[in-house]
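Worksheet: the structure to be examined is printed underneath.
Numbering (the working numbering), first residue to last: 51 to 621.
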């Protein structure tokens, strides 16, 4: 993972960089307008106005005022447009990044934490990009221009009035680290709070069934309390800034007025210079007094930027860009070893091949690596050793999107989107017509129950399809896979939530649909795979048996025992 560089990398995403240049340019112009007004007042007081020059003076003032108003408009407009477009590009980049990331991110990171980053951190950045960052740069420019001008008016008096500069810088250095620490801890803890809240929503039925309300509430409150502690510490620092900022603002003003009055009385400074100092002093004192707050806000924005860069810099899937046609071997595992962690190998030197157009079943006790094989076939993970081949070519050479277009998957954990039933089936083939969707649903024996829903195919499903039964969700997922019409069909316990009658119907549909396809099945009910062309038996991450049902029963090995146990349970 790349090293996070914070706001700099976020700004690199900007499409409208010329708007940022406009902001800098308009800020400089506004600073010059302020200096012009101060210098104008100085000259008027010191040299007066010629009687015939009164109208010229008024004309100059009106012209400068109109110019300042126009420049202010450009400044605000360019600032708003720049920040809005930058955040839009950031959101687009994040959404584009998500499907490219290695699948391990989704299995290791809680979705609540990801949601919090995509909402809280993006909103935080949007707020600070539209105000804090630009205002900070503006303050630096205004301070610099005003300071340089006042040096030309009275060098020694300007240096005396700038006594608060080192004080401010020292104070900022002191508060930066605790601010960064507490805002980071707060954001991380809010990830946990969001995750707990989301778990409670998705697991509402379990909370009720097991009376977990108080236990979950306690866990939520504990994490919320920890987050609050960090935020209170952060706010304490912010509270300290208020009197400090007042002091920094008042100190130069007080010094300037006292020293300026004394010097004017002694004649070492003119009345016009004194007026110019008073008028322009706020453009020195205000940026200094605001500096701690600016730095605080920038640190908060930087924390959010770094958290988002964890997503943007996360390692992407690494595959080739080639496309290959089908051949007689659909899937091949060539001495494949794999583990989700290096110290816990799950598959050990596995080798087998699956012929195109054949039906193959993967069988074995729980945890032997059956579902992991599917994750390797679909390219969710790459093997630690060996090769997984699709149509004779290593997946690492394939354009992974084209490789996946050859595969339809019905996973053990059925996921449905909060969209219409028709849309959920239609995701299998975005170009499918409504008639195609209905035919796929009929083939999956889902049409009848769909027509009994309030709006039929236009019924909007709840999150995770929670307004459907487990069996109904599985049939919608099967219909989606049928609609894709891919040459390879992966079925991971696809009928686990169906009753025996529904399962038999689906098996009949599969016989029709899978006639000319390569079908790979992970089955718990072994009675559903006795007609498979080949059964591959796994145990402890290794292939221990291969053959058809009849021969494996004769061998009297692991498969025979598993089958006998199920038949015994049924009888």
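By construction, the Cβ of each residue, glycine as well, lies at the ideal position given by its N, Cα and C atoms. Note that the structure is a prediction, hence the values are computed from the model and not measured.
Beta-carbon spacing of residue i, residue j below 8 Å
{"i": "residue 622", "j": "residue 337", "result": "Past the boundaries of the shown model lies residue 622; the chain is included only from 51 to 621, so the question cannot be answered."}
{"i": "residue 376", "j": "residue 441", "result": "yes"}
{"i": "residue 539", "j": "residue 587", "result": "no"}
{"i": "residue 34", "j": "residue 198", "result": "Nothing in the structure corresponds to residue 34, since the chain is present only between 51 and 621."}
{"i": "residue 355", "j": "residue 175", "result": "yes"}
{"i": "residue 196", "j": "residue 85", "result": "yes"}
{"i": "residue 251", "j": "residue 269", "result": "no"}
{"i": "residue 530", "j": "residue 474", "result": "yes"}
{"i": "residue 69", "j": "residue 161", "result": "no"}
{"i": "residue 379", "j": "residue 397", "result": "no"}
{"i": "residue 168", "j": "residue 122", "result": "no"}
{"i": "residue 87", "j": "residue 331", "result": "no"}
{"i": "residue 166", "j": "residue 241", "result": "yes"}
{"i": "residue 561", "j": "residue 407", "result": "no"}
Assigned exposure category for residue i - 16 Cβ within 10 Å defines buried
{"i": "residue 494", "result": "buried"}
{"i": "residue 498", "result": "exposed"}
{"i": "residue 192", "result": "buried"}
{"i": "residue 349", "result": "buried"}
{"i": "residue 71", "result": "exposed"}
{"i": "residue 207", "result": "buried"}
{"i": "residue 454", "result": "buried"}
{"i": "residue 415", "result": "exposed"}
{"i": "residue 110", "result": "exposed"}
{"i": "residue 501", "result": "exposed"}
{"i": "residue 310", "result": "buried"}
{"i": "residue 239", "result": "buried"}
{"i": "residue 142", "result": "exposed"}
{"i": "residue 508", "result": "exposed"}
{"i": "residue 100", "result": "Because residue 100 sits at a pLDDT of 48, beneath the cut-off of 50, its placement in the model cannot be relied upon, and the following sentence gives the value as read from the coordinates. That one is exposed."}
{"i": "residue 584", "result": "buried"}
{"i": "residue 312", "result": "exposed"}
{"i": "residue 435", "result": "exposed"}
{"i": "residue 476", "result": "buried"}
Rounded separation between residue i and residue j - CA only
{"i": "residue 573", "j": "residue 611", "result": "15 Å"}
{"i": "residue 187", "j": "residue 152", "result": "38 Å"}
{"i": "residue 383", "j": "residue 463", "result": "24 Å"}
{"i": "residue 386", "j": "residue 223", "result": "54 Å"}
{"i": "residue 604", "j": "residue 366", "result": "47 Å"}
{"i": "residue 485", "j": "residue 543", "result": "28 Å"}
{"i": "residue 521", "j": "residue 429", "result": "28 Å"}
{"i": "residue 515", "j": "residue 446", "result": "34 Å"}
{"i": "residue 607", "j": "residue 393", "result": "30 Å"}
{"i": "residue 595", "j": "residue 145", "result": "44 Å"}
{"i": "residue 75", "j": "residue 148", "result": "37 Å"}
{"i": "residue 616", "j": "residue 609", "result": "11 Å"}
{"i": "residue 419", "j": "residue 286", "result": "53 Å"}
{"i": "residue 621", "j": "residue 602", "result": "Reliability of the predicted coordinates at residue 621 is poor, the pLDDT of 36 falling under 50, and no value is obtained from them."}
{"i": "residue 400", "j": "residue 344", "result": "59 Å"}
{"i": "residue 94", "j": "residue 298", "result": "30 Å"}
{"i": "residue 452", "j": "residue 506", "result": "33 Å"}
{"i": "residue 413", "j": "residue 155", "result": "28 Å"}
{"i": "residue 67", "j": "residue 259", "result": "56 Å"}
{"i": "residue 220", "j": "residue 316", "result": "35 Å"}
Start and end residues, alpha helix (DSSP H) containing residue i
{"i": "residue 529", "result": "520-534"}
{"i": "residue 360", "result": "321-362"}
{"i": "residue 65", "result": "Counting along the chain, residue 65 falls outside any alpha helix (DSSP H), and DSSP gives it neither H nor E."}
{"i": "residue 437", "result": "No alpha helix (DSSP H) holds residue 437; the beta strand (DSSP E) holding it covers 435-440."}
{"i": "residue 152", "result": "Element bounds for residue 152: n/a, residue is neither H nor E."}
{"i": "residue 491", "result": "484-493"}
{"i": "residue 165", "result": "161-166"}
{"i": "residue 211", "result": "205-211"}
{"i": "residue 554", "result": "550-563"}
Where the beta strand (DSSP E) containing residue i begins and where it ends
{"i": "residue 388", "result": "379-388"}
{"i": "residue 598", "result": "Neither: residue 598 is in no beta strand (DSSP E) and is coded neither H nor E."}
{"i": "residue 235", "result": "Per DSSP, residue 235 belongs to no beta strand (DSSP E); it is in the alpha helix (DSSP H), 214-252."}
{"i": "residue 289", "result": "It is not in any beta strand (DSSP E) - residue 289 instead sits in the alpha helix (DSSP H) that spans 263-316."}
{"i": "residue 585", "result": "584-589"}
Those residues which DSSP pairs with residue i across a bridge
{"i": "residue 396", "result": "DSSP, once it has assigned bridges, lists no residue as partnering residue 396."}
{"i": "residue 402", "result": "383"}
{"i": "residue 570", "result": "410 and 540"}
{"i": "residue 444", "result": "439"}
{"i": "residue 115", "result": "Its beta-bridge partners do not exist; DSSP assigns none."}
{"i": "residue 457", "result": "538"}
{"i": "residue 659", "result": "With the chain running from 51 to 621 in the structure shown, residue 659 is simply not present."}
{"i": "residue 391", "result": "394"}
{"i": "residue 366", "result": "151"}
{"i": "residue 592", "result": "589"}
{"i": "residue 185", "result": "DSSP, once it has assigned bridges, lists no residue as partnering residue 185."}
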